[in-house]
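Report on the structure given below.
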Amino acid sequence: MSTVDTQGVLQMLLQQVADSHTPREVLKAPELKQMYGIIATLPPEERGAFGKQVNDLKIALEQAVAVRENELEFADVELIDITAPWSINGSRPQLLPTHQGTQHPLTKELDTVIDIFTRMGFEAVESRQIDDDYHMFGALNFPEDHPARDGYDTFRTEEGFIPPAHTSTMQHRILKNGKSKLDAGGHIAAISYGRVFRNEDVDATHEHTFYQVEGVFVSNDATLGQMLGTLRSFFETYYGQTLRIKTQPAYFPFVEPGLEFAIEKPATIGGKPGEWLEMLGCGMIHPNVLKDAGIDPTKYRGFAWGGGVERLVMLKYGIEDLRYFESGKLAFLRKFKS
Amino acid sequence: MIISVNWLKKYTSIDLPIDQLATLIGERLVEIESVISLGEKYKDVIVVKVVECKPIEGTDHLNATKIDDGGVVQDIERDENGLISVVCGAPNVRAGILAAWLPPQTIVPESFNTADPFVLSVRPLRGVKSFGMLASAKELDLFDDHSGILEVDKDVPAGSYFAEVYELNDYLLDIENKSLTHRPDVFGVIGFAREVAGIQGKTFETPDWLNDITPRLKPVQTIEAPAVHIEDKNLSDRFATIVLSSIDEKAQSPIQLQTYLSRSGVRPISASVDVSNYLMLLTGQPSHTYDYDKLKAIAGNDFSIRVRLAHPNEQLTLLDGKEIIMDEADIVIAAGDVAVGLAGAMGGASTMVDDSTKNVILEVATFDLYHLRSTQMRHGIFSEAITRFTKGVPAPLAAPVLAEAVRRLNKYTGAVLSSTISEDYPGAHEQISVQINEQQVNATLGTHFSAEDIAELLENVGFTVVFNGLNATVTVPYWREDIHIPEDIIEEVGRLAGFDTINVTLPRREFTATQLSAFDTLRSQVRSLLVRSGAHELLTYSFIHGDILKKAGQDTNNAYRIVNSISPELQYYRQSLTPSLLAHVHPNQKAGYDAFAIFECNKVHRKSAGFTEEDVPNELDSVAFVISRAKTKGDAYYDAKTYLEYVGDTLGLKLRYEQLSEEDVTAAPFEPKRSAKVYDVHSSVYLGVIGEYKKSVQKSFKLSQYTAGFEIDTRALYDAVSKVGIQYQPLSRYPGTERDICFQVPTEIPYQVIADEVEAALRETHLITSVEPLDMYQADGSITKNITVKIKLVSYNKTLTNQEVTSVIDTVAKRVVKATKGRVI
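So the protein sequences, as listed, match chains A and B. Under the numbering used here, the first residue of the first sequence carries the number 2, and numbering increases by one thereafter. Under the numbering used here, the first residue of the second sequence carries the number 1215, and numbering increases by one thereafter.
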């Protein structure tokens, strides 16, 4: 049996920890290293027992380090009177100057967009930031393993939840909640807005986190012409001028027909005739989506659309890099003084 | 996907200029990413006849040639016979052939549109003047063959324009594949051409061979064909094979065909492979060729081809030499029981066709797109073929493609048809038909189409429409298996006519404006209050690094973890907003901003928050705020408190602060000795935490000493605010009076005790009263502190006398003195 006094070493090291302001350093003590060195020199039958002693010592030491670190953390922290208005012998802290404050350009733009839609009679609902496969895909006529799911590059959590890749994740809920309005002879008109997520590499024009606004309208006589009219009306209000619009066919499983919607670039943001801006995807809500929400597609029709908010802001101010929005850089934010 | 306009023109007429065509396709079929003009780089290339060809002495490979350009090139030196001298080093140059000549001053097509275009000149080579050059396929940027000059394989006169001979005055349309996920038919040139006809309002004539879905193929001789079994009908709708013999695998396909492949982005290889690729590009139907003899040998006694799922751990060596272990969800093509191909993705090496192959089995099949999609992801195979398979190729297409392949292989390789079609076709079904009515079409689109309009639009692209009054039966052509319901037909009508021709209106309804939800309104209010008090609103990522959670003292096990995150920095859902804000303090101070306040209103997620009725995680709304002043010393806590008081006061709340004791998720980064839990007094709602941060947190986020903040649960704030009534008090007609009073109390007495006692005393006066702190003083080393407050008193009924005021102040003083064991000074 080894003659090393493990208990003695432990006591000495524990004392060092208790006195130290940097207790973690003690774990690197030469004494500890030596003891590990001894293990290899022992006859095999003694190694197990001695090795265990050394390990126990190490564990005891680590616990002591954690305790001491915690002590240090709270030591010489002065208690303050948290109910006082300011420090003793001090004076009331001054708020920073009002002109320094800035609202984030995205939430500001979102306010404008929501304001226009609420004045057009659309309710605004914030979108979820974590959802399930059913709301993200299933209820929107994306069967499992459907290739169209690929286009959404979704993240997933361990539990199989999804950070939504589109604000359409709220569509089923909006339809289900609005059903009673249809039954009462009314219509559903709502937008959902919020943060969405896609598994994309980030560069000046791509972000994994961005904002969308989704719109849903259902009535007994909704038409595609009305959808185009509603969207044009929104953009005309937003840009404060009349606009030409155009569309192109597109495929989204939850609409039929599906379209991409573009406006002629408004003069207010430096547009020239013939320059087009693709703004959003839209279409007539697929009968399966209505059915899933308990709405009879033979009685009611609807349209829906969804588009990004960053693009509006970037066009408005001429912002060159999408990454600025979530960068937390004051240099960027101070350009948007309210 | 690249679509050649000249190729389209073989199937439909196009009378629009290219830009208008691209616009029309964009509006009515699919977005075009870009249009590439191919003709420009071939405009100067001339087909010439090599009239003379003599080796140049003293060189091992150079020949002096004399070429006939038909006299089309002006201002060039010619010999007495009008021929032009060109030196050529290609091994296949010889008198009598037709070649592609690049005259002097022209750009070699391969270098066209590059940074360094190669302009040809006249230069002497070994004493022989050479005017321009004879070009290889590679130099012509046609395909990757540089073994010799291109030999023109069409009988055209010398002096013809090369671009005209091979239809290279072409435009290429570049289309994003995922824009057409739902349209397997337009993944072929013919299908695309059909749509181009339809959107121009023209009737499309589908080639007869493609319309013939039950072709009769008569074998010239008979070799035993393998039996075909699809073991599970969910794996494949159809698997058709045919045997061809005496194939010449070395044969090359016509140059024109090769150029169509290469301009579509597919490399020409040999006639046998080219035919398969050509038909895939033309129809969207891939095919695969097996070496008959190799497959038969592998199959042994069971000469069959079987379509089944892979066995556990089944291995396969692919055509490209890669060895894979297949998943039990992969569809396998087996010879007998031996895997010889990964269905739809790639054939196996063991049955690969090579130069010595004599007999082949040609397979034309379809596979379940969901299985193939997972195979594609699993094995990372993204070929032109699997791209088409995963869109869902219609089963009836297999037969006409098989028949056309046999015809072309016979023509280009001499292959002889040696069996009838051997197939398994479990997916055979009746033609799809859909009932529509004119009213439904117009009501959905907001249009006024007549029955005739609707019928014409659909019939142009191969639908059959039979109207009976306003109702119609639409029979769907076999290549449109994506069409099932009336809405699908309505989309076709709207699209082919042009959605942009639809009359734009607004919904007709009883109109009422809505307003933001009360919660959203409150959040906007908080946001503008903080902005108004000089803070910056930040938006930061919802996902953070596990290290940031740990640095902030939060447990990663309580955070939802993203399994496919882009980087460790985005691995966890954040549990509170404070850590995200703290991470942005130091970088901004480093960037030169000394004093600032930042805040964020956003959602946070914790596993401990449980689930909603829909079984999705509960989401919490939070507003976090941090103030930091790099050049200030002192108790930043009170700075943060001033902000919170400003917000609370404006919203009508009265906040109470209790020393932070037990920790929760929000409180984790805060130092208990210098932090408080915040409650609203009226509603008793717990709002959140305010304070300075733990030393360890300050250290790991590199915070300057003067940093503090708060994090409030926005929903709790909303609950508290919604319980606040209207707080307006009528003004008094009488003047008010103010008194300052200074208490000396033991240092450990919190300010709140004095404030509470003063307020309690004032409440009993039935006057309009207010109290605010004026001064707090403690001499060095003293065990007492002096706290001065200002008291305001107003009566509704009269002007208060000096005596009345003194009496109130006395009551107040007594009460405070009693509670604090202090004194009035």
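Ideal Cβ positions, reconstructed from N, Cα and C, are used throughout, including at glycine.
Pick from the options that is closest to residue i, judged by C-alpha positions
{"i": "isoleucine 1940 of chain B", "options": "B:Lys2006, B:Ile1982, B:Leu1867", "result": "B:Leu1867"}
{"i": "threonine 1395 of chain B", "options": "B:Gly1606, B:Val1578, B:Asn1327, B:Gln1966", "result": "B:Gly1606"}
{"i": "glycine 1226 of chain B", "options": "B:Val1259, B:Phe1418, B:Leu1736", "result": "Before going further, note that residue 1226 of chain B is threonine rather than glycine in the sequence given. Residue B:Phe1418 is the option with its Cα nearest to threonine 1226 of chain B."}
{"i": "lysine 1821 of chain B", "options": "B:Asp1829, B:Glu1814, B:Cys1815", "result": "B:Asp1829"}
{"i": "alanine 1809 of chain B", "options": "A:Ala223, A:Asp151, A:Leu96, A:Leu278", "result": "A:Leu96"}
{"i": "alanine 1930 of chain B", "options": "B:Phe1453, B:Ser1898, B:Glu1952", "result": "B:Ser1898"}
{"i": "histidine 1585 of chain B", "options": "B:Ser1490, B:Tyr1504, B:Asn1448, B:Asp1507", "result": "B:Asn1448"}
{"i": "glutamine 249 of chain A", "options": "B:Thr1928, B:Thr1279, B:Glu1245, B:Asn2011", "result": "B:Glu1245"}
{"i": "threonine 243 of chain A", "options": "A:Thr269, A:Gly226, A:Ala223", "result": "A:Thr269"}
{"i": "isoleucine 163 of chain A", "options": "A:His136, A:Lys300, A:Lys317, A:Ile286", "result": "A:His136"}
{"i": "isoleucine 1545 of chain B", "options": "B:Gly1285, B:Ile1519, B:Leu1858", "result": "B:Ile1519"}
{"i": "arginine 245 of chain A", "options": "A:Lys273, A:Val78, A:Gly295, A:Leu260", "result": "A:Lys273"}
{"i": "lysine 300 of chain A", "options": "A:Glu70, A:Phe255, A:Leu183, A:Leu323", "result": "A:Leu183"}
{"i": "valine 5 of chain A", "options": "A:Gly319, A:Gln35, A:Gln17, A:Leu28", "result": "A:Gln35"}
{"i": "tryptophan 1221 of chain B", "options": "B:Arg1843, B:Leu1475, B:Pro1614", "result": "B:Leu1475"}
{"i": "aspartate 1714 of chain B", "options": "B:Arg2037, B:Ile1389, B:Ile1239", "result": "B:Ile1239"}
{"i": "leucine 1458 of chain B", "options": "B:Val1265, B:Asn1682, B:Ser1350, B:Leu1631", "result": "B:Leu1631"}
Cutoff 7 Å: residue i Cβ touching any chain A Cβ
{"i": "lysine 2035 of chain B", "result": "no"}
{"i": "aspartate 1849 of chain B", "result": "yes"}
{"i": "arginine 2029 of chain B", "result": "no"}
{"i": "methionine 1215 of chain B", "result": "no"}
{"i": "aspartate 1233 of chain B", "result": "no"}
{"i": "arginine 1929 of chain B", "result": "no"}
{"i": "isoleucine 1940 of chain B", "result": "no"}
{"i": "phenylalanine 1332 of chain B", "result": "no"}
Under 9 Å by beta carbon: chain B residues contacting residue i
{"i": "threonine 108 of chain A", "result": "Ser1738, Arg1741, Glu1751, Leu1753, Cys1815"}
CB contact below 7 Å: residue i versus chain B
{"i": "glycine 139 of chain A", "result": "no"}
{"i": "proline 148 of chain A", "result": "yes"}
{"i": "leucine 260 of chain A", "result": "yes"}
{"i": "arginine 324 of chain A", "result": "no"}
{"i": "tryptophan 87 of chain A", "result": "yes"}
{"i": "isoleucine 83 of chain A", "result": "yes"}
{"i": "histidine 173 of chain A", "result": "no"}
{"i": "arginine 25 of chain A", "result": "no"}
Residue burial classification, residue i (beta-carbon count within 10 angstroms, cutoff 16)
{"i": "glycine 9 of chain A", "result": "exposed"}
{"i": "glycine 1412 of chain B", "result": "buried"}
{"i": "aspartate 132 of chain A", "result": "buried"}
{"i": "alanine 76 of chain A", "result": "exposed"}
{"i": "tryptophan 1423 of chain B", "result": "exposed"}
{"i": "serine 1875 of chain B", "result": "exposed"}
{"i": "asparagine 1569 of chain B", "result": "Per the sequence presented here, residue 1569 of chain B reads as aspartate, with asparagine not at that position. Per the 10 Å Cβ criterion, exposed."}
{"i": "isoleucine 1997 of chain B", "result": "exposed"}
{"i": "threonine 2015 of chain B", "result": "exposed"}
{"i": "methionine 121 of chain A", "result": "buried"}
{"i": "proline 1793 of chain B", "result": "buried"}
{"i": "glutamate 1695 of chain B", "result": "buried"}
Identity of the residues DSSP links to residue i by a beta bridge
{"i": "valine 114 of chain A", "result": "Beta-bridge pairing links valine 114 of chain A to no other residue."}
{"i": "valine 1967 of chain B", "result": "For valine 1967 of chain B, which the question treats as bridged, DSSP gives no partner whatsoever."}
{"i": "alanine 125 of chain A", "result": "A:Ile192"}
Contact set between residue i and chain B, taken where Cβ atoms lie within less than 7 Å
{"i": "asparagine 56 of chain A", "result": "Those within 7 Å of asparagine 56 of chain A in chain B number zero; the least Cβ separation is about 25 Å."}
{"i": "glycine 179 of chain A", "result": "Those do not exist, as glycine 179 of chain A stays about 13 Å from chain B at its closest Cβ, beyond 7 Å."}
Listed by chain order, chain A residues near residue i by CB distance under 7 Å
{"i": "glutamate 1971 of chain B", "result": "What glutamate 1971 of chain B touches in chain A: nothing, since even the nearest Cβ is about 13 Å away."}
{"i": "arginine 1746 of chain B", "result": "Thr99, Gly102"}
{"i": "glutamate 1885 of chain B", "result": "Val78"}
Proximal chain B residues relative to residue i, where beta-carbon distance stays under 8 Å
{"i": "alanine 1 of chain A", "result": "Given that chain A is displayed from residue 2 to residue 339, the structure contains no residue 1 of chain A and the question cannot be resolved."}
{"i": "asparagine 90 of chain A", "result": "Met1990, Tyr1991, Gln1992"}
{"i": "glycine 49 of chain A", "result": "Here the premise fails: no neighbours, minimum Cβ distance about 34 Å."}
Contacts of residue i in chain A (Cβ-Cβ under 8 Å)
{"i": "threonine 1604 of chain B", "result": "Pro148"}
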